[in-house]
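Residue numbers for the sequence shown follow the UniProt record's numbering, so the first one is 1 and each next one is one higher.
All C-beta atoms in this analysis are idealised placements derived from N, C-alpha and C, irrespective of residue type, glycine included.
Below: one structure, written as structure tokens.
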Amino acid sequence: MLAEVVEKLKKTELQAVSPAHCYAGPGDVECDSCIGRKHKAINSCLVCQASYCEDHLKPHFQSPAFKKHKFVEACAELQEKICSEHDKLNKSYCRTDQSFYLCTMDEHRCHDTGSTKLNELQDEQMKSQQRIQEKQKKVQELKQTVDAINSFSSLCVSPGSEDSPSFTVHQHLSFDGVRKSLSELKQDEEMCEEEFNQICPQVAAVQMILPSEPKSREDFLQYFCYLTLDPNTAHRQLILSEENRAVSHSRKEQRCSNHPERFDSRTQVLCKESVCGRCYWEVEWSGGVSISVSYKEISRKGGGNECGFGYNSQSWSLRCSSSSVSFRHNKINTELRGPASSRIGVYVDHSAGTLSFYSISDTMRLLHSVHTTFTQTVYAGFRIWYNSAVRLFDPK
Numbered sequence: 001m002l003a004e005v006v007e008k009l010k011k012t013e014l015q016a017v018s019p020a021h022c023y024a025g026p027g028d029v030e031c032d033s034c035i036g037r038k039h040k041a042i043n044s045c046l047v048c049q050a051s052y053c054e055d056h057l058k059p060h061f062q063s064p065a066f067k068k069h070k071f072v073e074a075c076a077e078l079q080e081k082i083c084s085e086h087d088k089l090n091k092s093y094c095r096t097d098q099s100f101y102l103c104t105m106d107e108h109r110c111h112d113t114g115s116t117k118l119n120e121l122q123d124e125q126m127k128s129q130q131r132i133q134e135k136q137k138k139v140q141e142l143k144q145t146v147d148a149i150n151s152f153s154s155l156c157v158s159p160g161s162e163d164s165p166s167f168t169v170h171q172h173l174s175f176d177g178v179r180k181s182l183s184e185l186k187q188d189e190e191m192c193e194e195e196f197n198q199i200c201p202q203v204a205a206v207q208m209i210l211p212s213e214p215k216s217r218e219d220f221l222q223y224f225c226y227l228t229l230d231p232n233t234a235h236r237q238l239i240l241s242e243e244n245r246a247v248s249h250s251r252k253e254q255r256c257s258n259h260p261e262r263f264d265s266r267t268q269v270l271c272k273e274s275v276c277g278r279c280y281w282e283v284e285w286s287g288g289v290s291i292s293v294s295y296k297e298i299s300r301k302g303g304g305n306e307c308g309f310g311y312n313s314q315s316w317s318l319r320c321s322s323s324s325v326s327f328r329h330n331k332i333n334t335e336l337r338g339p340a341s342s343r344i345g346v347y348v349d350h351s352a353g354t355l356s357f358y359s360i361s362d363t364m365r366l367l368h369s370v371h372t373t374f375t376q377t378v379y380a381g382f383r384i385w386y387n388s389a390v391r392l393f394d395p396k
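Here you go:
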């Protein structure tokens, strides 16, 4: 019996965990789609502008919708390093022109620079300003010290004088060291000012080359994201189906665990995958629903405004019904021109702070667009009213 236990322990020790499933450590690129503790990313997608671990990379190989997506080795700060016109990483720096190439192709020799160079120049400009301020502060302190010493010296009298105090000043004292320090600081200040003046024109000359906004449905589908609903967040009256790609309302509550991330009052559900970079998805709906984008930190327990999509600062929501369509954020409701078609397109540019909703039929019609600053990763979410349903549409 003891021998069998030892043998099982040996086998357990020999089972090595796949490196692709390791959690991200210091210096590793984290998976943008992992919830909770992040796994180590193995590849970055130039189209999604996001990095994925082995599990979250699988949809790219399983769905034809991702066949045009391009991958590179997992890379941190991916969005700042991509050439927007050729989907390649910025790698080269021209010493002659003192600028970065957007990619290695000849036709880009005339490009000034991209956001990478701008950030570096702005950093250098800030550092130079700080150095100048530090030097000026030291010069001022030394000047004050010299003035204080000179004032003190003028108060002293020669030894033997009738007004001589109980102490004397030695005549051999010298301020050569102070003068030398002042001279060196002055040289440093001039050098910093010269460096600062050289950087300023470069910063002014830099032109940010930003990727153009998608215009047609074909353009939007380049950023298509395959999303799935998270069962752990679904209210008990919501039924998930089609491999967690569809959800409908039920009068009867489902038997499920009391998960801390589950909405316990509002009939809402969040998607499992986070939305980062540029991302686009389409939703087919019926009845009355809210198609939303939310921070993960939105409250789940209770029926207050802090839990409802569109009723707080952490979520944005498009409410659709057969008779009307409206947009709500932070309890402010905006009635929109309707009706909306049964399919809605949602586009997010996280870094630009753009969120847009489109009515999809034979054409794309913009329903509403907002420009904000996303301070956290966002997730797609839905609220489903009675006798209503939502399905994540696959355009393949």
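Taking a C-beta distance under 8 Å as the contact criterion, LEU367 and ALA389 do not qualify as a contact pair.
Nearest in C-alpha terms to GLU335, of all of TYR386, ASP123 and LEU318, is LEU318.
In the three-state DSSP reduction, LYS143 falls in the helix class (H, G or I). Taking C-beta atoms as the reference points, LEU221 and PRO64 fail to come closer than 8 Å. Sequence-distant Cβ neighbours of GLY338 in its own chain, meaning closer than 7 Å and more than five residues away, are SER324 and VAL325. Sorting HIS371, GLU30 and VAL269 by C-alpha distance to the C-alpha of ALA380 places VAL269 at the top.
Between the region 260–279 and the region 355–366, the count of Cβ pairs shorter than 8 Å is below three; the stretches do not touch.
For PHE263, the secondary structure class from DSSP, reduced to helix, strand or coil, is coil. Taking C-beta atoms as the reference points, HIS259 and ILE384 fail to come closer than 8 Å. Looking at the DSSP output, HIS39 shares a beta bridge with TYR23.
8 Å or more divides the Cβ of ALA41 from the Cβ of TYR23. Between PHE196 and SER128, the CB-CB gap stays under 8 Å. Annotated three-state conformation of ILE199 is helix, per DSSP.
Boundaries of the beta strand (DSSP E) around LEU240: 238–241.
Secondary structure note for LEU366: its beta strand (DSSP E) is the uninterrupted segment 364–371.
About 6 Å separates the CB atoms of CYS256 and ARG236; that is less than 8 Å, so the two are in contact.
Assigned with DSSP and collapsed to three states, VAL178 falls in helix. Taking all protein chains shown into account, LYS135 has 16 or more neighbouring C-beta atoms within 10 Å of its C-beta and is therefore buried. For HIS350, there is no enclosing beta strand (DSSP E), as DSSP marks it with neither H nor E.
Going by beta carbons, GLU261 and ASN232 fall inside the 8 Å limit.
Secondary structure remark: continuous beta strand (DSSP E) runs of at least 3 residues inside the region 286–347, in chain order: 289–295, 315–320, 325–329 and 332–335. In the structure shown, GLU77 falls within a coil segment according to DSSP collapsed to helix, strand and coil. If you draw a straight line from the Cα of VAL283 to the Cα of ARG391, it comes to about 6 Å. HIS371 counts as exposed, since fewer than 16 other beta carbons sit within 10 angstroms of its beta carbon.
With a 10 Å radius around the Cβ and a threshold of 16 neighbouring Cβ atoms, ILE360 comes out buried. Here SER290 is near PHE309, since their CB atoms are less than 8 Å apart. The shortest C-alpha to C-alpha distance from HIS350 to any of GLU213, LYS301 and ILE35 is the one to GLU213.
By the neighbour-count criterion, in which 16 or more other beta carbons inside 10 Å mark a residue as buried, ILE298 falls on the buried side. Rounded to whole angstroms, the gap between the alpha carbons of GLN198 and CYS48 is 37 Å.
Check the Cα spacing between HIS56 and each of ASP28, HIS39 and LYS68: the tightest is with HIS39. Looking at VAL29, VAL293, ASP123 and SER274, the one whose alpha-carbon comes closest to that of VAL72 is VAL29. In this structure, the beta-carbon distance from TRP316 to SER286 does not fall below 8 Å. Per DSSP, the unbroken alpha helix (DSSP H) holding LYS58 starts and ends at 54–62. When the Cα atoms are used, CYS75 and ASN333 turn out to be separated by approximately 40 Å. The continuous beta strand (DSSP E) containing PHE382 extends over residues 378–384.
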